[in-house]
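Keeping their order, the protein sequence lines are chains P and V. 231 is the number that the working numbering gives to position 231 of the first sequence; each next residue is one higher, with no gaps. 485 is the number that the working numbering gives to position 90 of the second sequence; each next residue is one higher, with no gaps. Every residue gets a Cβ at the ideal spot worked out from N, C-alpha and C, and that includes glycine. If you're wondering where the values come from, they're calculated on a predicted model, not measured in any experiment.
There are 2 protein chains.
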Amino acid sequence: MHCAVIGAGIIGLSIGWELARSGYQVTVIDPAPATGATHAAAGMLAAVTEFHYQERELLHLSVPAAAAWPQWAQAVETASGRSTGFEACGTLVVAADAADRADLSVLAEAQRAVGLGIGELGTAAAREIEPLLAPRLAGAFHAPADARTDPRRTAEALVAALESEPGVAFYRQRATAVVQGERGPTVQTVSADGELAEIEADEVIVATGTGRIGEHGAPGEGLTGLPAILRLPVRPVFGDVLRLRPTATAPRPAGSTVRALVSGQRVYILPRRDGEVIVGATEREDDQAGVSVEGVHRLLRDALRVMPALAHYELVELTARARPSTPDHLPLLGRIGPGLIAATGFHRHGVLLSVAAAAAVRTLLAPAPEATAPRSPPTILDPTHLASFDPWRFS
Amino acid sequence: MHCAVIGAGIIGLSIGWELARSGYQVTVIDPAPATGATHAAAGMLAAVTEFHYQERELLHLSVPAAAAWPQWAQAVETASGRSTGFEACGTLVVAADAADRADLSVLAEAQRAVGLGIGELGTAAAREIEPLLAPRLAGAFHAPADARTDPRRTAEALVAALESEPGVAFYRQRATAVVQGERGPTVQTVSADGELAEIEADEVIVATGTGRIGEHGAPGEGLTGLPAILRLPVRPVFGDVLRLRPTATAPRPAGSTVRALVSGQRVYILPRRDGEVIVGATEREDDQAGVSVEGVHRLLRDALRVMPALAHYELVELTARARPSTPDHLPLLGRIGPGLIAATGFHRHGVLLSVAAAAAVRTLLAPAPEATAPRSPPTILDPTHLASFDPWRFS
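1) Mind the definition here: the region 157-169 of chain P touches the region 317-329 of chain P only if three or more C-beta pairs lie below 8 Å; say whether that holds.
2) Can you grab the Cα-Cα spacing for the pair residue 473 of chain V / residue 414 of chain V, in whole Å?
3) Could you pull the start and end residues of the alpha helix (DSSP H) that residue 276 of chain P belongs to?
4) DSSP state of residue 648 of chain V, grouped into three classes?
5) Please list, in chain order, the chain V residues whose beta carbon lies closer than 8 Å to that of residue 300 of chain P.
6) Can you look up residue 720 of chain V in the DSSP assignment and give me helix, strand or coil?
7) Suppose you measure from the CA of residue 638 of chain V to the CA of residue 742 of chain V; what does that come to, to the nearest Å?
8) What does the alpha-carbon distance come out to for the pair residue 735 of chain V and residue 718 of chain V?
9) Name, please, each residue of chain P whose Cβ falls closer than 9 Å to the Cβ of residue 685 of chain V.
10) So, for residue 215 of chain P: in the same chain, excluding its five sequence neighbours on each side, which residues have a beta-carbon less than 8 Å away from its beta-carbon?
11) Do residue 149 of chain P and residue 86 of chain P have their CB atoms nearer than 7 Å?
12) Can you confirm whether residue 705 of chain V, when its beta carbon is compared against all beta carbons of chain P, has any partner nearer than 7 Å?
13) So which residues of chain V does residue 304 of chain P contact, with C-beta pairs closer than 9 Å?
14) Any C-beta of chain V sitting closer than 7 Å to the C-beta of residue 217 of chain P?
15) According to DSSP, is residue 624 of chain V helix, strand or coil?
16) Would you tell me roughly how many angstroms separate the C-alpha atoms of residue 505 of chain V and residue 499 of chain V, rounded to the nearest one?
17) In angstroms with no decimal places, state the Cα-to-Cα distance between residue 746 of chain V and residue 439 of chain V.
18) Can you name, in chain order, every residue of its own chain whose Cβ lies under 6 Å from the Cβ of residue 614 of chain V, other than the five neighbours on each side?
19) Per DSSP, what kind of secondary structure is residue 90 of chain P in: helix, strand or coil?
20) Roughly how many angstroms lie between the CA atoms of residue 265 of chain P and residue 123 of chain P, to the nearest whole one?
21) Taking 7 Å as the cut-off, decide whether the C-beta atoms of residue 640 of chain V and residue 680 of chain V are in contact.
22) Determine the closest residue to residue 452 of chain V out of V/604, V/401, V/725 and V/489, with distance taken between C-alpha atoms.
23) Please report the residue range of the beta strand (DSSP E) in which residue 781 of chain V lies.
24) Just list the residues that DSSP pairs residue 495 of chain V with in beta bridges.
25) Could you round the C-beta distance between residue 204 of chain P and residue 185 of chain P to whole angstroms and report it? I think they count as a contact, below 8 Å.
26) Using only the alpha-carbon positions, how far apart do residue 395 of chain V and residue 646 of chain V sit?
27) From the DSSP output, in three-state form, read off residue 36 of chain P for me.
28) With distances taken from CA atoms, which of P/137, P/336 and P/255 is nearest residue 98 of chain P?
29) Pull up the CB-CB distance for residue 845 of chain V and residue 790 of chain V, whole angstroms please, since I reckon it's below 8 Å.
30) For residue 161 of chain P, which three-state DSSP category applies?
31) Measure the Cβ-Cβ separation of residue 4 of chain P and residue 187 of chain P and say whether it is below 7 Å.
32) Quick one: give me the first and last residue of the beta strand (DSSP E) that residue 630 of chain V is part of.
33) First and last residue of the alpha helix (DSSP H) that includes residue 169 of chain P?
34) Report yes or no: do three or more beta-carbon pairs, one from the region 408-427 of chain V and one from the region 699-709 of chain V, lie closer than 8 Å?
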């Protein structure tokens, strides 16, 4: 069975590799793999501290995904011979003022109510875990189970793992249309030079993130040919992300991911082992693809409030990318037609949920006939939970 | 007469072109022209508002330089066929709070006392000139004579003007030593591939900015061969400079350069005609060549305090470069030996004073014998005023 995956962000790459190691023939189609949201993402694998009110259904994906990540990262590293940057690190959540602490306290209670592991710690104990925290904070919580990965390295490792599979083809071209034929769907592509190609498949998985999905039959940049009455309301929520490096004399954080609420605004500080510190992220719906002056100012201000030593760091990279978001902040994950599956709309959770997306797509497919001995472990998802993510729910 | 200019920042390029159009044979030596401080500089030509206490001698250079700039820019544009970005724009100087206004008021008085044209304006009148100024400011002053240029375009135009001169050679190599021979000095150079060359000259002009000057005879990266007892105490003062671009819907400033004092910290906002807005600049002596987190935060905070609409701009470039500074903040400009002239240490004033540096070097040289009809206008400098800038004053 041949599966064509349109889009090679972390979602498409993960689906492609999961299918390849489960015995399917796989073609991945993307003119520039891992250059969208994956390129900006910090890589928090934070089923606990990413949980917010009204996103309860997400737990059906996020909790099994978080549980599966250590093994998944290990498998990707073994297959590719590369590091993913996966680290079990825990998250400290700190409050700048009393109102922030009250907010975080209620949120932590909601997180505990759904079974997530987070406890109030006190600021002195938090500073024992992370001595670079500002002395004047109003509260601190700890979610020891949260982990993180490095999305850029993970994507590189997934590309390497995919390319080492015999049944995998990589098309670095843009998919323009999915055409339904008698024998199944065909993906039409165009190269940078304007060369056209057609890829016949048994199943097509649309993992385009914020890549535009065109109106049915309409010409233009977007992917056409999806069912005419289907609405996939993915909108871009832009995020600014900063990358810092320590100067020779600057102190380095101990290693926990730090999330903070500073006068009601969220900021995270994610220190990597090599010294890089990622500070993010804004959530802008202003349709401005460039890095926002206001966004950078706000992130620096709040990060310095929480970890003053970052003042002495070098600001080496500013990145803005769009997250693919939906009206209910839940992904669009499921079958959209014969031979057609959607896996997009993962909003802020794409890196964490990439594993769940891969597992979900596998459960939606007929078992690969040629898979006499698949190397993939049993699926991590209960398929009955996928109903909440039905891509048809807005149509 | 053959002059070799070591260093092709805006100082070396201006000297080279002034000498070339005055009838000298010129060789300019730099592995990467205009990539140092010139690349970061905003290009304020602000003899008035750059004047500070204890820098009175600088007026002997800055006032004639400011007066000469319009004609100089015109001549460079004519010779190169390129725009320099020169604009007569005036400077608004604004105070964020009452203490800032008191500071600026005393400074304006000192500026007027030495004959510079600056007057208190009031914030309402300032907002008539620049409607994007924040409503809540404590004071405003106006220096209508200040101008500006675009250092990157000016340097490109100077390179083009130089390359169009028949008597000019451009060596994109690194100068390693000046060797005194019987017939005059020789500059030794090395290319990126390690190829060595020697350039004989009648006069060598050292315009290396913060490019390292090595100890006499010592090996290493710096330029060697200068007089052994000469001290040229140039130290790097790093500056962070931000470049912003308006989004499609963001309002654009009217056009004056805006300088501000915000709780005692200086910031400038320089809007170019093409929409680019430059925000600068920190002054760091921390020996960190990279862009400073603290610096960017401070500049954004203070610029947004003065011109809130910049929040909606895109942050397109962060640049940090070192200014070549001296203990008394005056340049090192004069003869340092037979056939040897120094022109460096211009600190924050390099772009404005490039014209003065060019004129000064011309006055230090014997007239070019082949210059039957030099195309350069009479020198703008009174040579008796060069004594304050004697490069030997620290030796």
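Reading off the structure:
1) no
2) So the two alpha carbons sit approximately 17 Å from each other.
3) Here residue 276 of chain P belongs to no alpha helix (DSSP H), and DSSP marks it neither H nor E.
4) coil
5) 688, 691, 692 and 695
6) strand
7) 21 Å
8) Answer to the nearest angstrom: the Cα atoms are 23 Å apart.
9) 245, 247, 313, 314, 315 and 316
10) Residue placement at residue 215 of chain P cannot be trusted, given a pLDDT of 48 that sits under 50; the coordinates are not used to answer.
11) yes
12) yes
13) Residues of chain V passing the Cβ test: 688, 689 and 692.
14) Because the pLDDT of residue 217 of chain P is 41, which lies under 50, any placement of that residue in the model is unreliable, and the number read from its coordinates should be weighed accordingly. No, residue 217 of chain P does not count as interfacial toward chain V.
15) coil
16) 10 Å
17) 7 Å
18) At residue 614 of chain V the pLDDT is 45, less than 50, meaning the model places this residue with poor confidence and gives no usable figure here.
19) For residue 90 of chain P, the secondary structure class from DSSP, reduced to helix, strand or coil, is coil.
20) 19 Å
21) Cβ distance not < 7 Å, so residue 640 of chain V and residue 680 of chain V don't count as in contact.
22) V/725
23) Unbroken run through residue 781 of chain V: none, as it is neither H nor E.
24) In DSSP, residue 495 of chain V forms no bridge with anything.
25) 5 Å
26) With chain V running from 396 to 790 in the structure shown, residue 395 of chain V is simply not present.
27) coil
28) P/137
29) Chain V is shown only over 396 to 790; residue 845 of chain V falls outside these bounds and no answer can be derived.
30) Secondary structure of residue 161 of chain P (DSSP, three-state): helix.
31) yes
32) 630-641
33) Where residue 169 of chain P is concerned, there is no enclosing alpha helix (DSSP H), although the beta strand (DSSP E) it sits in stretches over 168-171.
34) no
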